[in-house]
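Down below is the structure, laid out as structure tokens.
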């Protein structure tokens, strides 16, 4: 069933990854090509902040930098000054039981560039690749803690997307539990694998939803996109854990992420956005690795979440994915 904005009839689609329904209601919106952010991010190029090079003493303790011990660093991984979880609490020795446990965990910040006005999409693919490699190195360090079950990597870009600092950065939270959304994703993908013998994400590519592709990755708008102009970047090869990404593929992934962020910025008026790396729990068993597949989800902040979404867990998307993919495919990015 291929719908578009020319057909204003609403449609419900099942999101097979998170096992939830999305309502597509194009009558609630303008044409897909008319979507623009009402609150574009507008960095101050002259601003200085604790994340800028030369201000390292103003930050929380450093975990590592790239290159190591270099005063002219490219990337720094530091502790979050206001962590949601505490690394100083005693580490739990057993899996959580009952409904209460201490807030042990890690909350880190990845400073992606030493210079304030430079954003991730301004960097060349090689340097975006370095950021991905920094993620993988930190995840591998965190995996040495037996109590850490899951590491969520995410980026908030723009104040309305949750960024408290305009200097380009992303965050990592290492949790002693497997979060509910991750459990739902794993269960849904296991159901599909049990029924078909195949990984759902391996088969997700569809021509009318595709935006662009490279040798090892492709980008698309998912069939049941939760948000307008939501983008996924997916490995062509089956891989359960993001932290197994190697340096060469990281550069290739950096090129495709850069292209998606630039297309999104040009088409949607430089919107605030979030991206999340959806991966597998650190200590997955062999059977789980067969049906789990990591990917990056990019969500431009164009609409709010209100009472219906909070009350039902169903989302209303005013743009059909096929239309969003077509618009993004056609955006010409200057060299």
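Numbering (the working numbering), first residue to last: 30 to 364. Ideal placement from N, C-alpha and C gives every residue a C-beta, glycine not left out.
In the displayed model, residue 312 falls within coil according to three-state DSSP, outside both helix and strand. Taken in chain order, the complete alpha helix (DSSP H) segments of 4 or more residues contained in the region 155-236 are 209-225. DSSP lists 53 as the bridge partner or partners of residue 346.
Shown here for residue 147: same chain residues with a beta carbon closer than 7 Å to its own, the five before and five after excluded, namely 197 in chain order.
Taking the Cβ atoms as the reference, residue 120 lies roughly 6 Å from residue 133, within the contact range of under 8 Å.
Collapsing the DSSP output to three states places residue 337 in a helix. Nearest to residue 105 by alpha-carbon distance, out of 86, 143 and 135, is 143. Taken through DSSP and simplified to helix, strand or coil, residue 271 comes out as helix. Taken through DSSP and simplified to helix, strand or coil, residue 296 comes out as helix. When the alpha-carbon of residue 226 is set against those of 200, 317, 309 and 99, the nearest one is in 317. If you ignore the 5 residues before and after residue 89, its C-beta comes within less than 6 Å of the C-beta of 107, 108 and 110, all in its own chain and listed in chain order. Shortest Cα-Cα distance from residue 154 to any of 299, 283 and 321 involves 283. Here the C-alpha atom of residue 125 lies approximately 22 Å from the C-alpha atom of residue 182. Put simply, the region 253-270 touches the region 349-361. At least three CB pairs are less than 8 Å apart. In the structure shown, residue 150 adopts helical secondary structure according to DSSP, grouped into three states. At the C-beta level, residue 321 and residue 171 stay beyond 8 Å of one another. With respect to the 8 Å criterion, residue 328 and residue 346 are not classified as neighbours on the basis of their beta carbons.
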